[in-house]
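These protein sequences, in sequence, are chains A and B. Every letter in the first sequence is one number past the one before it in full-length UniProt numbering, and letter 317, counting from 1, is 317. Every letter in the second sequence is one number past the one before it in full-length UniProt numbering, and letter 350, counting from 1, is 350.
There are 2 protein chains.
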Amino acid sequence: MKDLLTGLDIVDDADVLESLAHDDAEWAPYGKPVAAVRPKTTDDVRRVVAACAERGIPLVARGAGTGLSGGANAVDGAMIIDLSKMNKIVEIDAENMTATVQPGVVNDDLKKAVAAHGLWYPPDPASAPWSTIGGNVATNAGGLCCLKYGVTRDYVLGLEAVVGGPAGAYGTVVRLGHRTTKGVSGYDLAALFTGSEGTFGVITEITLRLRPARREAPRTVVGAFDSVVAAGSAVAALTRAGLLPAALELLDRTCLRAVEEWKHLGLSADAAALLLAQLDSPGAAGDEEAAAVAAVFREAGAMWAEQSTDEIEAEALFAARRLAYPALERLSPVLTEDVCVPRSRVPDMLAAIEEIATRHGATIATIAHAGDGNLHPLILAPAGDEQARLAAQAAFEDMLTAAIAMGGTVTGEHGVGLLKRDGMKQELSPSVLAMQVAIKQTLDPLNLFNPGKVVG
Amino acid sequence: MKDLLTGLDIVDDADVLESLAHDDAEWAPYGKPVAAVRPKTTDDVRRVVAACAERGIPLVARGAGTGLSGGANAVDGAMIIDLSKMNKIVEIDAENMTATVQPGVVNDDLKKAVAAHGLWYPPDPASAPWSTIGGNVATNAGGLCCLKYGVTRDYVLGLEAVVGGPAGAYGTVVRLGHRTTKGVSGYDLAALFTGSEGTFGVITEITLRLRPARREAPRTVVGAFDSVVAAGSAVAALTRAGLLPAALELLDRTCLRAVEEWKHLGLSADAAALLLAQLDSPGAAGDEEAAAVAAVFREAGAMWAEQSTDEIEAEALFAARRLAYPALERLSPVLTEDVCVPRSRVPDMLAAIEEIATRHGATIATIAHAGDGNLHPLILAPAGDEQARLAAQAAFEDMLTAAIAMGGTVTGEHGVGLLKRDGMKQELSPSVLAMQVAIKQTLDPLNLFNPGKVVG
Chain A
1 MKDLLTGLDI
11 VDDADVLESL
21 AHDDAEWAPY
31 GKPVAAVRPK
41 TTDDVRRVVA
51 ACAERGIPLV
61 ARGAGTGLSG
71 GANAVDGAMI
81 IDLSKMNKIV
91 EIDAENMTAT
101 VQPGVVNDDL
111 KKAVAAHGLW
121 YPPDPASAPW
131 STIGGNVATN
141 AGGLCCLKYG
151 VTRDYVLGLE
161 AVVGGPAGAY
171 GTVVRLGHRT
181 TKGVSGYDLA
191 ALFTGSEGTF
201 GVITEITLRL
211 RPARREAPRT
221 VVGAFDSVVA
231 AGSAVAALTR
241 AGLLPAALEL
251 LDRTCLRAVE
261 EWKHLGLSAD
271 AAALLLAQLD
281 SPGAAGDEEA
291 AAVAAVFREA
301 GAMWAEQSTD
311 EIEAEALFAA
321 RRLAYPALER
331 LSPVLTEDVC
341 VPRSRVPDML
351 AAIEEIATRH
361 GATIATIAHA
371 GDGNLHPLIL
381 APAGDEQARL
391 AAQAAFEDML
401 TAAIAMGGTV
411 TGEHGVGLLK
421 RDGMKQELSP
431 SVLAMQVAIK
441 QTLDPLNLFN
451 PGKVVG
Chain B
1 MKDLLTGLDI
11 VDDADVLESL
21 AHDDAEWAPY
31 GKPVAAVRPK
41 TTDDVRRVVA
51 ACAERGIPLV
61 ARGAGTGLSG
71 GANAVDGAMI
81 IDLSKMNKIV
91 EIDAENMTAT
101 VQPGVVNDDL
111 KKAVAAHGLW
121 YPPDPASAPW
131 STIGGNVATN
141 AGGLCCLKYG
151 VTRDYVLGLE
161 AVVGGPAGAY
171 GTVVRLGHRT
181 TKGVSGYDLA
191 ALFTGSEGTF
201 GVITEITLRL
211 RPARREAPRT
221 VVGAFDSVVA
231 AGSAVAALTR
241 AGLLPAALEL
251 LDRTCLRAVE
261 EWKHLGLSAD
271 AAALLLAQLD
281 SPGAAGDEEA
291 AAVAAVFREA
301 GAMWAEQSTD
311 EIEAEALFAA
321 RRLAYPALER
331 LSPVLTEDVC
341 VPRSRVPDML
351 AAIEEIATRH
361 GATIATIAHA
371 GDGNLHPLIL
381 APAGDEQARL
391 AAQAAFEDML
401 TAAIAMGGTV
411 TGEHGVGLLK
421 RDGMKQELSP
431 SVLAMQVAIK
441 QTLDPLNLFN
451 PGKVVG
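Rendered as structure tokens:
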């Protein structure tokens, strides 16, 4: 094996390998890889794929490992392709508002680089300071501003990937999609690969659509509610009022306190839940929308609701939102849920979460991309407390069932990975599952690309 | 056959069948169907698909027949599924900003229906007064406002389709995608079906994302240029300036004159080309953007450029844009091109079109979704003039080659159908073509759904 990979950066140190063998999903199983490799170019990836395919060695590609579904977890005997060294921004084409990047570029690094050209890459998963564009594309990552600006897939114009199967021998390099803003020549394979969690091939380059930078800072409106369900009702009221914030986030008291204890941002946590809305229509329209949002919050029963006039405070609140997950993770292992329901059902789903927590005696904190109907109940179970772990897992499964019953999905943005395979089987019909499996078998007949994930 | 389709609306009148056997693509071949059927429900479609599959009869689904690539053209012996009677708006869910429709609903009818709820369905192909949502989804139709608001795919949340292959017997009904705004449970089959031109199954219901209605009429800025290439340079300058209009359309003198002769809208045609920009940022920001666009037009060498203060005039100009194709079609058979290039290459592509027209002695009028880089050169060839027809076809092929050389695609929004099959083979690598074919074979192993289209 090693002779075929001469000159490549191979990792076989047991401790490092162990750290590369899994992502950030709690209690998702992972196996023992044979080695990891850190390619720097597409050609490096091509060599690795060809060499491993020849020996039947499965391939698991990974970025920063911030995934929360076990999508990047190794199977026994796998070669890990750590793409973190493929972190070059290949081109920022300001004239065409596109960027072409290697998969290991960190989301926030891309944002900063394009901002220097007056441009904006909107997709902003909470993991943006660490997670990579490759991982974002593999999971079709969402984030805070999806409500108005869409998800990662909406920004992927074209991809380069190393594939096998019908395209040719394993190790064939293909370009999918377009560099243009429109394009319908053939089936939309770039969209199909987006969100496929590395099960069709290894993505080695991505061309992304950008937008002009926003000309002014968005307004932030904060509403405080005496229950999470009341906050959920305000979310539904906002949609009914035809208001479309750039972001609409929910944070419950447990999350706020965990962040405050860690970071001392000066947040008070009197309310049971906060809603944070960001309005970015330019000029006076933005102010009008902010006022309208505050009014809807108040009508929906907010304890108080106001536009934040203090930019530092507004930034601290969104920082708290982004830090909620690591803040809780400091305290205890956290099992993260990712259900998405129609917006009108957000209060129902929040009530269901409370009921499920009570029934199983589980501790659940909730953050949510509330405007998308995408909820992240975070189930805490102290390390070593077997009863808490079992309660957490039972609550996790019950929340999936509840979301499906409300017309929702088991995963809004984190992906199927390992943790949602059973949930997906509940959600999709056997016919649709059979179509999924057939497409996987067609594009990866040797089942070498991230085996066992999504349809495994 | 007929006994299996008892109670369905079967068409076997030769003249009607002839009219249903093709779309609006000039010179695209079409065969002689055995019959056409006009289902009213998903179950009707299910029966037709099952009965035809049993007899090996190919199926060609169609909406209004406004397609321009031959994608809805019959093959010999096909059963045509005319979906125009499946034109019910099943649900407008204002609380969740979604609409669920049968495929035969006309685009403009949906727009009107959702407007009554304060909502907006943005995709607006020029055919919107006639074309159906089913056809729009089948081709992943674009339109005027894609620049800022995306294409049809960006609005398709979920689909119902009658399929065969891995899903089960031909005639199996599946639901793909989600009703929620986010969802990543499994491969994105709704996105894969969007733009697949009916080659994977028959779409029988579509759930679409909507947006809040715009609160005020957009501003229109008109710029007049003394050459189409100069107008193209202004398009590139606009992108460089970071301006993102809701629409940015180009109309050349031939198109303007053809519309004026037909509709008498009071348009003057002194300029070689007009650019029409629509700005819809609310309030003062919209006015500022309109002024900025006019300034960019002037700096780029416009003869004149100004914001239209007359709403009727502005509406007439956009009507002229939408009517350009039928206006030219009144005069002569028209072969419609649909190349898309990176925006910075729009002036180069416009120059290439002029050169190609001169070289082949072809008459070419041009309309363009210029801001998308999506150009529609319309090649005129008087009926019966064989030399003009040959020149038109040679020009058509040369434009494809030129677009590919500029990093563009052979079809931005009309689809591959029959007319772009060779162009697609030029554009995509053999490996990518093989992936396309493999997916078609997987999802339609009997090759019954719209055979010969896209990858045929």
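Where is the CB? At the ideal position from N, CA and C, for every residue including glycine.
Asked: In chain order, which continuous runs of the beta strand (DSSP E) of length 3 or greater are located wholly inside the region 144–198 of chain A?; Found: 156–163, 172–177
Asked: Measure the Cβ-Cβ separation of Leu159 (chain B) and Val137 (chain B) and say whether it is below 9 angstroms.; Found: yes
Asked: Please list the partners that Asn140 (chain B) has in chain A, where partner means a Cβ-to-Cβ separation under 8 angstroms.; Found: Val184, Asp188
Asked: Alpha carbon to alpha carbon, how far is Ile356 (chain B) from Leu251 (chain B)? Give it in angstroms, no decimals.; Found: 19 angstroms
Asked: Phe449 (chain A) and Val202 (chain A): beta carbons closer than 9 angstroms?; Found: yes
Asked: Please name the residue or residues paired with Met79 (chain A) in a DSSP beta bridge.; Found: A:Ala35, A:Leu59
Asked: Would you please verify whether the beta carbon of Ala99 (chain B) is less than 9 angstroms from any beta carbon of chain A?; Found: no
Asked: Roughly how many angstroms lie between the CA atoms of Pro282 (chain B) and Val75 (chain A), to the nearest whole one?; Found: 53 angstroms
Asked: Report the neighbours of Lys420 (chain A) on chain B: residues whose CB is nearer than 7 angstroms to its CB, in chain order.; Found: Ser185
Asked: Where does Ile312 (chain B) land, buried or exposed, given buried means 16+ other C-beta within 10 angstroms?; Found: exposed
Asked: Determine, for Asp93 (chain B), whether the minimum Cβ-Cβ distance to residues of chain A falls below 9 angstroms.; Found: yes
Asked: Classify Asp12 (chain A): buried if its beta carbon has 16 or more other beta carbons within 10 angstroms, exposed otherwise.; Found: exposed
Asked: Within this structure, are the beta carbons of Ala141 (chain A) and Ser131 (chain A) separated by less than 9 angstroms?; Found: yes
Asked: Ignore the nearest five residues each way along the sequence and tell me which others in Ala230 (chain B)'s own chain have a CB closer than 6 angstroms to its CB.; Found: Gly301
Asked: Provide the residue span of the alpha helix (DSSP H) that contains Arg343 (chain B), from first to last.; Found: First-last for Arg343 (chain B): undefined, no H or E at that position.
Asked: Taking the Cβ atom as the reference point for each residue, do Ala392 (chain B) and Ala362 (chain B) lie within a distance shorter than 9 angstroms?; Found: yes
Asked: In whole angstroms, what separates the C-alpha of Leu147 (chain A) from that of Phe297 (chain B)?; Found: 33 angstroms
Asked: With 16 as the cutoff for other CB atoms within 10 Å, does Pro430 (chain A) come out buried or exposed?; Found: exposed
Asked: Going residue by residue through the region 216–263 of chain B, where are the continuous alpha helix (DSSP H) segments of at least 4 residues, counting only ones entirely within it?; Found: 228–240, 253–263
Asked: Does the distance from the CB of Glu354 (chain B) to the CB of Val221 (chain B) come in under 9 angstroms?; Found: no
Asked: Answer with yes or no whether the minimum CB distance from Thr442 (chain A) to chain B is below 9 angstroms.; Found: yes
Asked: Is Met399 (chain B) close to chain A, meaning its C-beta is less than 9 angstroms from at least one C-beta of that chain?; Found: no
Asked: Can you give the beta carbon distance from Leu83 (chain B) to Ala61 (chain B), rounded, assuming they're within the 8 angstroms contact cut?; Found: 6 angstroms
Asked: Since Thr366 (chain A) is in the beta strand (DSSP E), which residue starts that stretch and which ends it?; Found: 363–369
Asked: Comparing the C-beta of Thr66 (chain A) with each C-beta of chain B, is any distance below 9 angstroms?; Found: no
Asked: Give the C-beta separation of Val163 (chain B) and Leu443 (chain B) to the nearest angstrom, bearing in mind that I take them to be a contact with Cβ-Cβ under 8 angstroms.; Found: 7 angstroms
Asked: Return the chain-ordered ranges of every alpha helix (DSSP H) run that is complete within the region 250–332 of chain A and spans a minimum of 4 residues.; Found: 253–263, 284–299, 311–331
Asked: Return yes when the Cβ of Val48 (chain A) is within less than 9 angstroms of the Cβ of Leu17 (chain A), no when it is not.; Found: no
Asked: From the beta carbon of His22 (chain B), is the nearest beta carbon of chain A less than 9 angstroms away?; Found: no
Asked: Cα separation between Cys340 (chain A) and Leu256 (chain B)?; Found: 49 angstroms
Asked: State the Cα-Cα distance for the pair Gly183 (chain B) and Thr409 (chain A), rounded to the nearest angstrom.; Found: 6 angstroms
Asked: Chain A partners of Arg211 (chain B), CB-CB under 8 angstroms?; Found: Leu244
Asked: With a threshold of 7 angstroms on Cβ separation, who are the neighbours of Ala320 (chain B) within its own chain once the five nearest residues in sequence on each side are excluded?; Found: Leu251, Leu256, Val259, Leu265, Leu267
Asked: Within the continuous beta strand (DSSP E) that includes Glu91 (chain A), where are the two ends?; Found: 89–93
Asked: Roughly how many angstroms lie between the CA atoms of Ala324 (chain A) and Gly134 (chain A), to the nearest whole one?; Found: 24 angstroms
Asked: Cα separation between Ala394 (chain A) and Thr66 (chain A)?; Found: 24 angstroms
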